[in-house]
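Here's the structure, in structure tokens; my notes come after.
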Amino acid sequence: MVGQPKNERFLRQIPLIGEDGQEKLANARVLIAGAGGLGSAIATYLAAVGVGYIRIVDEDTVEDSNLNRQILYHEQDIGTCKVEAAKKTIRALNHDVEVDAICRHIDEMTVREFVRGTDLILDGMDNFAARYILNRAGIDEKIPFIHGAVNGFYGQVTTIIPGITPCLRCIVPNPPTWKRSLIIGVTCGVIGSIEAAEAIKYLTGTGEILKNRLLLWDGLRGDAESIQIVSSKDCIDCGCLTNEQDIRRFRL
Amino acid sequence: MKVSVKAFATFREVMDMQLALDVLEGSTIRTLLAELTGRYNGLNELMFASPGTLRDFVNILKNGRNIHFLAGLDTPLDDGDLITLFPPAAGG
Numbered sequence: 001m002v003g004q005p006k007n008e009r010f011l012r013q014i015p016l017i018g019e020d021g022q023e024k025l026a027n028a029r030v031l032i033a034g035a036g037g038l039g040s041a042i043a044t045y046l047a048a049v050g051v052g053y054i055r056i057v058d059e060d061t062v063e064d065s066n067l068n069r070q071i072l073y074h075e076q077d078i079g080t081c082k083v084e085a086a087k088k089t090i091r092a093l094n095h096d097v098e099v100d101a102i103c104r105h106i107d108e109m110t111v112r113e114f115v116r117g118t119d120l121i122l123d124g125m126d127n128f129a130a131r132y133i134l135n136r137a138g139i140d141e142k143i144p145f146i147h148g149a150v151n152g153f154y155g156q157v158t159t160i161i162p163g164i165t166p167c168l169r170c171i172v173p174n175p176p177t178w179k180r181s182l183i184i185g186v187t188c189g190v191i192g193s194i195e196a197a198e199a200i201k202y203l204t205g206t207g208e209i210l211k212n213r214l215l216l217w218d219g220l221r222g223d224a225e226s227i228q229i230v231s232s233k234d235c236i237d238c239g240c241l242t243n244e245q246d247i248r249r250f251r252l
Numbered sequence: 001m002k003v004s005v006k007a008f009a010t011f012r013e014v015m016d017m018q019l020a021l022d023v024l025e026g027s028t029i030r031t032l033l034a035e036l037t038g039r040y041n042g043l044n045e046l047m048f049a050s051p052g053t054l055r056d057f058v059n060i061l062k063n064g065r066n067i068h069f070l071a072g073l074d075t076p077l078d079d080g081d082l083i084t085l086f087p088p089a090a091g092g
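Which chain is which? The protein sequence lines are A and B, in order. Residues in the first sequence are numbered consecutively from 1, following the numbering used here. Residues in the second sequence are numbered consecutively from 1, following the numbering used here.
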């Protein structure tokens, strides 16, 4: 019910993250880059958990072919701007969330204004060219970047902390191209939910984030495994960073 | 010497998820892939665009470091190495 005290809504999660953790979520500002299948799962769970400010950026309009996976939208939204429809869904779920809906393209020219003023960047993009732009902006602005991507029943997630962990280019130096782009909603749900869980853990200091680890999800076999990953000083995006300052900055 | 190989995502459709191999001293990623493509039907076509050139989605990690930052296919193998074959998903 609107106006219900928040401690009622969050009663069953506060023991997991603490009153102070809940407060940290309420004060957190996150960027969700892309309002597709991943962005839908991320936005839904971050709004539900009580993140206070969500900036969501996507230039597309809702199409019928999106509805197999983009759970922020409904049939009546077809033809409308995704981020405006997303804002309605998010606010209907939790009216305390401030939503900054930006219907624009993310490129080298625009990315800085989108990432500035946020605590965290979440990956909801559908191509590596855009992901490299976010990866670089996160490094330059010292903002962690939670990477996630899907392909059919497969997906991967890692949490990139500038100067501390490998960046996206360290793991995948060249953009992969796939002949067929296949996508099914459940994989977006799994990977987007893991990204949201990473955000919650990072923002509240709970548990262990996927730091220096790449989680690979195999939905066909119901199997997940995380492998150690190592950064490279020769990486064109993060190779020049100094560690000690960043370790202090992120208190890791 | 012994190395372990782990394969993920679409690579699992043509090869085992993980295996341990005995390789000769002086082996490289290139000789390891020759062994694997000889062992598994369809792996060569999946991994290589042309002889000696990997497809752009083929990422190979040696103990977590991409061989792009080592010596590529000529990266030498050491006893106990974990080699990860990883085709990153790109959709969203």
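The C-beta atom is built at its ideal place from N, Cα and C for all residues, glycine as well. All values reported here derive from a predicted model rather than from experimental measurement.
Against Asn44 of chain B, chain A offers no close residue; the least beta-carbon distance is about 17 Å (beta-carbon pairs closer than 8 Å). Under the three-state reduction of DSSP, Asn151 of chain A is assigned to strand. For Val115 of chain A, the secondary structure class from DSSP, reduced to helix, strand or coil, is helix. A direct Cα-Cα distance of roughly 22 Å separates Asp126 of chain A from Cys238 of chain A. Secondary structure in the stretch 175-229 of chain A: the beta strand (DSSP E) runs of 3 residues or longer, each lying completely within the stretch, are 213-218 and 223-228 in chain order. Scanning chain B for C-beta atoms nearer than 7 Å to the C-beta of Cys170 of chain A yields Asn66, reported in chain order.
The beta carbon of Tyr40 of chain B lies closer than 6 Å to those of Val14 and Met15 in the same chain, with the five residues before and after it left out. Note on the stretch 1-28 of chain B: whole beta strand (DSSP E) runs with a minimum of 3 residues are 2-7 and 18-22, in chain order.
Gly124 of chain A is not a Cβ neighbour of Ala197 of chain A, given a cutoff of 9 Å. Phe69 of chain B and Arg91 of chain A have their C-alpha atoms spaced approximately 45 Å apart. Residue-level contact check: Phe48 of chain B does not touch chain A, since none of the beta carbons of chain A fall below 9 Å from its beta carbon.
Under DSSP, Tyr53 of chain A takes part in a beta bridge, and its partners are A:Arg29 and A:Glu98. Rounded to the nearest whole angstrom, the C-alpha separation of Thr44 of chain A and Gln13 of chain A is 16 Å.
Restricting attention to B:Leu36, B:Ala7 and B:Asp56, the CA atom closest to the CA of Met17 of chain B is found in B:Ala7. One Cα belongs to Leu32 of chain B, the other to Val150 of chain A, and the distance between them is close to 28 Å. With respect to Gly21 of chain A, Ile32 of chain A sits apart: the two C-beta atoms are not nearer than 9 Å. Contact between Arg55 of chain A and Asp100 of chain A holds, since their C-beta atoms are separated by about 4 Å, short of 8 Å. The three-state secondary structure of Gln13 of chain A, taken from DSSP, is coil. Nearest CB-CB separation between Cys188 of chain A and chain B: below the 9 Å threshold. At least 9 Å separates the CB of Met15 of chain B from every CB of chain A. Scanning A:Tyr202, A:Thr187 and A:Val172 for the CA closest to the CA of Asn59 of chain B turns up A:Val172. Gln156 of chain A and Leu220 of chain A do not touch by the CB rule: their CB atoms are close to 14 Å apart, not below 8 Å. Annotation for Asp140 of chain A: the continuous alpha helix (DSSP H) segment containing it runs Phe128 to Glu141. Under DSSP, no beta-bridge partner is assigned to Val83 of chain A. Shown in chain order are the members of the stretch 146-172 of chain A whose Cβ falls below 7 Å from a Cβ of chain B: Ala149, Val150, Asn151, Tyr154, Gly155, Gln156, Cys170, Ile171 and Val172. Among the CB atoms of chain A, none fall inside 9 Å of the CB of Thr53 of chain B. Within 9 Å of the CB of Pro87 of chain B, the CB atoms of chain A belong to Asn151, Tyr154, Pro176 and Trp178, in sequence order along the chain.
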